[in-house]
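Chemist: Mind having a look at this structure? Questions to follow.
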Amino acid sequence: MRSVLYGGAIALNNTLLTLSLEADWTITANKRANIAWNKLNLIINPTFKKMNLFTEYPEKDEAKYSDLMSELVKKNMANLYGGEKKKTAKRDTHSKTNAAVQGTLEIFDFDEAAIKQELSKRTSLTEAQLQAISLKQGLFAKPKQYPVWLRFANGAFSVKSDYEGDTRSMAVKVIGVEGERLPQSHELKTQDIIVHNTEFFFVRTIKDFHSFFVAVYRAGLFPVFKLLVLFWLKLHPYESTLLQTSFKRFPKSLLTERYWSASAFSLGLKSDFDPSQPGRVPVEYPAVIKYAFTPVSSQPPHQQLPLESRPESELQRAKASGSEDNYYRDDIIQALAKPDAEYCWDFQIQFQTSPEMSIDDTTIVWNEKESPFITVGRLTVKHQQVNSAKDNDFGENLSFSPGNGLAVHRPVGAINRLRSIVYPIVANDRHQKRGVKYQEPTV
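Going by our numbering, the letters in the sequence shown line up with residues 10 to 452, in that order.
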């Protein structure tokens, strides 16, 4: 499923525009809000001071609200595509597939000792703790080139024109990955890495997301219930601000955009790790990281590309035309049709270097000055044709989940724990409604 998560509220752009938010918020403003929130926690929340590095914590009543969310997404899919409805089932969020694209992910022979030396400067880790961190494991175990499938998508609940405010996502499926699997994996030799062009998710807790999605679900039943969503947003101004910020960027191309995981993942497991414990008790890992894909030049020295936006004049013309706007799909098709087409991203990891860089609260952006992203590989996409009906169906039927992959790259944090539960539920429901017998993709 592109799930109810990471973009689940994206379709509410028109609703958000009705809110009378006073300031023209920016990413910088949100970072200031995150800092203020952390300082407030230090004052009013005694447990906040006791949080440890590389440790995820359970939420109060987490199992209850996870179960409620599981049932709610089933009801939502039934409302969207069940009964007498003749609509072809799509994902409940990130519904619009812009393209399914083939590429290559190269893992570099990076200098592990140099990375650990940098970590020792930025953290209070003991020498023993540093030695316990093994970077070269799982996907990063050795230099290698992996074939990948990419799905570029918009974040909304339904298929909308690209001139509408939205987030954009790139789901990466790495093929031929060997090793012990996460128990919830739906494939045998793949690693899914789901990233978006925002650094954060807009809700702090599973409970809050459930209350939000109840309003969204009811709004889908009867138009008058859209007022419930407005009411929720009015009661949650911080979350509303994050949502509106997410909608403001209109990339010039999805092939030159930067993407972040926003949520965190383990890098290794301790010898006494018990998979039944996350979500029930605090669980510590040898290290915790986030992912990013940063666009770079296809030619050495592969310098980072500046982020560009879709021209405002062109955007306004698309709005005024009244026609369906598939700008991002058309751009990918045209760009990759060129014989010399080549697009690259540095594949990067970012370490949690202080407990204040929250694992469970994904509204908090990890400061890149405190913990810079480290390049460990490169993703490359070259010339190909991606506009056939078969290509479209393949992209629609691909299934991604943060819980699909190697055990050492476990998704951690409250929102990730929820995603690992609900993504497969919606994917299975979608395939059943489409009459698809899902098979693990190959090259």
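The C-beta atom is built at its ideal place from N, Cα and C for all residues, glycine as well. Quantities reported herein were computed from a predicted structural model and do not represent experimental measurements.
When you compare the CB positions of residue 266 and residue 335, do they come within less than 8 angstroms of one another, or not?
Modeler: One-based indexing of the sequence shown puts residue 266 at position 257. One-based indexing of the sequence shown puts residue 335 at position 326. No; because the gap between Cβ atoms is not below 8 angstroms, this pair is not in contact.
Chemist: Can you check whether the CB of residue 191 is closer than 8 angstroms to the CB of residue 426?
Modeler: Mapped onto the sequence shown, residue 426 falls at position 417. Mapped onto the sequence shown, residue 191 falls at position 182. Contact: no.
Chemist: Can you tell me whether residue 61 is buried or exposed? The criterion is at least 16 other CB atoms within 10 Å of its CB, across all chains shown.
Modeler: Walking along the sequence shown from the start, residue 61 turns up at place 52. Exposed, by the Cβ-count rule.
Chemist: Could you tell me the alpha carbon to alpha carbon distance between residue 293 and residue 423, rounded to whole angstroms?
Modeler: The residue given as residue 293 occupies position 284 in the sequence shown. The residue given as residue 423 occupies position 414 in the sequence shown. Their backbone Cα atoms lie some 14 angstroms apart in a straight line.
Chemist: Flag this pair as touching only if the region 380-387 and the region 350-366 have three or more C-beta atom pairs under 8 angstroms; answer yes or no.
Modeler: yes
Chemist: Do you know offhand how far residue 104's Cα is from residue 161's?
Modeler: For this step, residue 104 is matched to residue 95 along the sequence shown. For this step, residue 161 is matched to residue 152 along the sequence shown. Straight-line Cα distance between these residues: approximately 11 angstroms.
Chemist: Helix, strand or coil for residue 384 per DSSP?
Modeler: As a working note, residue 384 is residue 375 in the sequence shown. Looking at residue 384 - three-state DSSP - the assignment turns out to be strand.
Chemist: Go ahead and pull the three-state DSSP assignment for residue 61.
Modeler: Here residue 61 is taken as the residue at index 52 of the sequence shown, counted from 1. Looking at residue 61 - three-state DSSP - the assignment turns out to be coil, as it is neither helix nor strand.
Chemist: Please report the Cβ distance between residue 417 and residue 288, rounded to the nearest whole angstrom; I am assuming they are in contact, meaning their Cβ atoms lie under 8 angstroms.
Modeler: Locating residue 417 in the sequence shown gives position 408, where the first residue counts as 1. Locating residue 288 in the sequence shown gives position 279, where the first residue counts as 1. Between residue 288 and residue 417 the Cβ distance is about 19 angstroms, and since that is not below 8 angstroms, they are no contact.
Chemist: Report the start-end ranges of each beta strand (DSSP E) in the region 338-377 that is 3 residues or longer and not cut off at the edges.
Modeler: 351-360
Chemist: Would residue 169 be called buried (16 or more neighbouring beta carbons within 10 Å of its own) or exposed?
Modeler: By 1-based counting over the sequence shown, the position of residue 169 is 160. Residue burial annotation: residue 169 is buried, with at least 16 other C-beta atoms found within 10 angstroms of its C-beta.
Chemist: Hey, residue 341 and residue 358 are a contact pair by Cβ (cut 8 angstroms); roughly how many whole angstroms apart?
Modeler: Translated into positions along the sequence shown, residue 341 becomes position 332. Translated into positions along the sequence shown, residue 358 becomes position 349. Actually they are not in contact, since the Cβ atoms of residue 341 and residue 358 sit about 26 angstroms apart, beyond 8 angstroms.
Chemist: Pick helix, strand or coil for residue 202, following the three-state DSSP scheme.
Modeler: To locate residue 202, count along the sequence shown from 1; it is residue 193. Strand, per DSSP.
Chemist: Please classify residue 374 as buried or exposed, where buried requires at least 16 neighbouring CB atoms within 10 angstroms.
Modeler: Position 365 of the sequence shown, counting from 1, holds the residue named residue 374. Burial call: buried.
Chemist: Exposed or buried, what is residue 97 when buried is set at 16 or more other beta-carbons lying within 10 Å of its beta-carbon?
Modeler: Within the sequence shown, residue 97 is the residue found at index 88, counting from 1. Exposed: under 16 other Cβ atoms inside 10 Å.
Chemist: Among the candidates 106, 330, 76, 360, whose CA atom is the shortest distance from the CA of residue 128?
Modeler: Taking the first residue of the sequence shown as position 1, residue 128 is located at position 119. Of 106, 330, 76, 360, the residue nearest in Cα terms is 360.
Chemist: Put residue 266 into one of helix, strand or coil per three-state DSSP.
Modeler: Residue numbering aside, residue 266 sits at position 257 when the sequence shown is read from its first letter. In this structure, residue 266 counts as coil in the three-state DSSP scheme.
Chemist: Restricting to Cα atoms, I'd like to know which of 381, 401, 141, 172 is closest to residue 257.
Modeler: Taking the first residue of the sequence shown as 1, we reach residue 257 at position 248. If we check each option's Cα against that of residue 257, 172 comes out closest.
Chemist: Helix or strand or just coil, what does DSSP make of residue 98?
Modeler: For the purposes of this step, residue 98 is identified with residue 89 of the sequence shown, where counting begins at 1. Coil at residue 98, not helix or strand.
Chemist: With residue 115 and residue 415 assumed to form a contact (beta carbons below 8 angstroms), what rounded beta-carbon distance in angstroms separates them?
Modeler: For this step, residue 115 is matched to residue 106 along the sequence shown. For this step, residue 415 is matched to residue 406 along the sequence shown. That belief does not hold up - the Cβ atoms of residue 115 and residue 415 are roughly 18 angstroms apart, past 8 angstroms.
Chemist: With 16 other CB atoms within 10 Å as the buried threshold, where does residue 147 fall?
Modeler: For the purposes of this step, residue 147 is taken as residue 138 along the sequence shown, with counting starting at 1. Residue 147 is buried by the Cβ-count criterion.
Chemist: With distance defined between alpha-carbon atoms, name the residue in 255, 404, 271 nearest to residue 449.
Modeler: Translated into the one-based positions of the sequence shown, residue 449 becomes position 440. Measuring from the Cα of residue 449, the nearest candidate turns out to be 404.
Chemist: Which of helix, strand or coil does DSSP assign to residue 163?
Modeler: The count along the sequence shown starts at 1 and reaches residue 163 at position 154. Residue 163 falls in the strand class under three-state DSSP.
Chemist: Which class does residue 34 belong to by DSSP, given the choice of helix, strand or coil?
Modeler: For the purposes of this step, residue 34 is identified with residue 25 of the sequence shown, where counting begins at 1. Only weak support is given to the placement of residue 34: the predicted model assigns it a pLDDT of 39, under 50, and the question is left unresolved by the model.
Chemist: Let me confirm a value: residue 219 is counted as buried when at least 16 other C-beta atoms fall within 10 Å, else exposed. Which label applies?
Modeler: Residue numbering aside, residue 219 sits at position 210 when the sequence shown is read from its first letter. It is buried - the Cβ of residue 219 has at least 16 other Cβ atoms within 10 Å.
Chemist: Can you tell which of 102, 432, 243, 413 has its C-alpha closest to the C-alpha of residue 226?
Modeler: Taking the sequence shown and counting its residues from 1, one reaches residue 226 at position 217. That would be 102, whose Cα lies nearest to the Cα of residue 226.
Chemist: How about residue 215 and residue 366: are their beta carbons less than 8 angstroms apart?
Modeler: Within the sequence shown, the letter at position 206 stands for residue 215. Within the sequence shown, the letter at position 357 stands for residue 366. No.
Chemist: State the DSSP-derived secondary structure class of residue 42, mapped to helix, strand or coil.
Modeler: The residue labelled residue 42 in the question sits at position 33 within the sequence shown. Note that residue 42 has pLDDT 48, beneath the 50 cutoff, so the model's placement of it is unreliable and no number is given.
Chemist: What residue range does the alpha helix (DSSP H) around residue 140 cover?
Modeler: Position 131 of the sequence shown, counted from the first residue, corresponds to residue 140. Unbroken alpha helix (DSSP H) run through residue 140: 136-141.
Chemist: Please confirm whether residue 179 and residue 268 have their CB atoms less than 8 angstroms apart.
Modeler: Taking the first residue of the sequence shown as 1, we reach residue 179 at position 170. Taking the first residue of the sequence shown as 1, we reach residue 268 at position 259. Yes, these two residues count as a Cβ contact at 8 angstroms.
Chemist: Taking the C-alpha atoms as reference points, what is the distance between residue 244 and residue 221?
Modeler: To locate residue 244, count along the sequence shown from 1; it is residue 235. To locate residue 221, count along the sequence shown from 1; it is residue 212. Their backbone Cα atoms lie some 11 angstroms apart in a straight line.
Chemist: Report all residues from its chain with a CB closer than 7 angstroms to the CB of residue 259; omit the five preceding and five following residues, and keep chain order.
Modeler: Reading the sequence shown from its first residue, position 250 is the one you call residue 259. Excluding residues within five positions, the ones whose Cβ falls inside 7 angstroms are 318, 319, 324.
Chemist: Tell me the residue span of the alpha helix (DSSP H) that contains residue 287.
Modeler: Here residue 287 is taken as the residue at index 278 of the sequence shown, counted from 1. It is not in any alpha helix (DSSP H) - residue 287 carries neither H nor E in the DSSP assignment.
Chemist: Give the secondary structure of residue 154 by DSSP, where H, G and I count as helix, E and B as strand, and everything else as coil.
Modeler: The sequence position of residue 154 within the sequence shown is 145, counting from 1. Three-state result, residue 154: strand.
Chemist: If residue 199 and residue 154 are in contact, beta carbons under 8 angstroms, what's the gap, nearest whole angstrom?
Modeler: Mapped onto the sequence shown, residue 199 falls at position 190. Mapped onto the sequence shown, residue 154 falls at position 145. The Cβ separation is near 15 angstroms, so there is no contact.
Chemist: Compute the distance between the beta-carbons of residue 273 and residue 421, then report whether it is under 8 angstroms.
Modeler: Taking the first residue of the sequence shown as 1, we reach residue 273 at position 264. Taking the first residue of the sequence shown as 1, we reach residue 421 at position 412. Result yes, Cβ atoms of residue 273 and residue 421 sit closer than 8 angstroms.
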